[in-house]
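In our numbering, the protein residues as written are 70 to 514.
Every residue gets a Cβ at the ideal spot worked out from N, C-alpha and C, and that includes glycine.
Note that the structure is predicted; figures quoted are calculated from it, not measured.
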């Protein structure tokens, strides 16, 4: 657990000193802690986000790669400042204060319009049974366990290592003894249309709608479905347009579809549509900075226009954020919808479940990531959202990742990225009156 090696403030009892850099004396040295942590964090985030310039440069040219060092440096400063501040305040107790400081930092990084949760500690255990602890305290509790493990390895005292080993063992037992996922009977179709995102920016066409309609008809030919989930902004126009509504009504199946909305400006929306009627709409609340909203867009209009022109884009103005998270009604099921980036924020899924969401749906357009690992990182972070509230999670991506995730976090179905097809799979629909783990049988109004 190299997270902790650069800034252990610890002197061992007697003459034996802790061997990590910067730990040669009892007095706290926050400046050295800042420098060492900053250097480590540059390497960590630089590697974790290496896909960013590689995936965006082919789409927009080399100029967009300038965002990469700025983002990496900003994240590194957050880590370094946390280490230095903790060392200054806690002094010799820094080693065991840092795990809690790190959890607070990860929480802080999920707040505000510039929230960015990539690299949160809890995801280090996402592929182990320990991630099942997320249903007790979210990914933050798992992150605390990661950090405590690192602190114990840095401490090295046998009794400390034994204590953390016992803690990990208890966590493993908990993870391995969770009840099995409930069997499901209701069939869902997740549609992956694989539309070039650059073409969508240049202008939407009816061909996109026809592509999805054809895929759905082919999927329904293999058997009926109680729900069809489209990706983010898959429909070129909202189902409030008569022509779109007629085409969707002809499918005779409940739909959850991503579509643009013009309502006081552009909105990135998901609609629930059934029997010719829109039964609900959820607008994206957490917009991607510099992707869906542009700080100071009016003040720096000339600079933004120059950048967009260099990237071959029209003069974008950004989207209007939604104001609330509300489950959408699909038949007798209430679906909590997370739109793309929102799936990396635990609070968004919790808010939907508290209001009675019985199933979670993630709609996304990860085609911007290209063939890089960025889409896989995005998916694996979102997968934990199924574990935290113990809900089935249905994920539809434009070019992937399209998958079904059980409440245990197990991926029960998944389409290859870049394919153009439907993913059929049962989705959980509780019996009428069934009480969810939040204690609700329907949404709270």
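Residue 429 has 405 and 462 as its beta-bridge partners, per DSSP. Residue 304 and residue 195 have their alpha carbons spaced roughly 33 Å apart. DSSP places residue 382 in no alpha helix (DSSP H); its state is neither H nor E. Of the candidates 223, 108, 198 and 151, the residue whose Cα lies closest to the Cα of residue 164 is 223. Taking a C-beta distance under 8 Å as the contact criterion, residue 340 and residue 300 do not qualify as a contact pair. By the criterion of a C-beta distance shorter than 7 Å, residue 240 is surrounded in its chain by 199, 202 and 214, once the five residues flanking it on both sides are discounted. Within the model, the alpha-carbon separation for residue 139 versus residue 126 is close to 15 Å. The C-beta distance from residue 489 to residue 263 rounds to 5 Å, short enough to meet the 8 Å contact threshold. Cα atoms of residue 255 and residue 225: separation of roughly 52 Å, rounded to the nearest angstrom. Take residue 148, set aside five residues on each side of it, and the residues of its chain with a beta-carbon closer than 6 Å to its own are 106 and 110, in chain order.
With contacts defined as CB atoms closer than 8 Å, residue 451 and residue 413 qualify as a contacting pair. Around residue 172, the same chain offers 190, 209, 212, 213 and 216 as residues with beta carbons nearer than 8 Å, after the five sequence neighbours per side are excluded.
Annotated three-state conformation of residue 341 is strand, per DSSP. The region 360 to 380 makes no contact with the region 416 to 427: fewer than 3 CB pairs, one atom from each, lie closer than 8 Å.
For the set 475, 272, 397 and 179, the Cα lying nearest the Cα of residue 426 is the one of 397. Note on geometry: alpha-carbon atoms of residue 186 and residue 491 lie some 30 Å from one another. Per DSSP, reduced to three states, the secondary structure at residue 371 is helical. Inside the region 101 to 138, DSSP marks whole alpha helix (DSSP H) runs of 4 or more residues at positions 120 to 129, from first to last along the chain.
Within the same chain, Cβ atoms closer than 8 Å to the Cβ of residue 104 are found at 149, the five residues on either side in sequence being excluded. A distance of 8 Å or more separates the beta carbons of residue 479 and residue 204. Contact between the region 384 to 398 and the region 347 to 355 is established, with three or more Cβ pairs separated by less than 8 Å.
Under the three-state reduction of DSSP, residue 227 is assigned to helix.
Per DSSP, residue 301 has no beta bridge partner at all.
Across the structure, residue 389 and residue 144 are spaced so that their CA atoms are roughly 26 Å apart.
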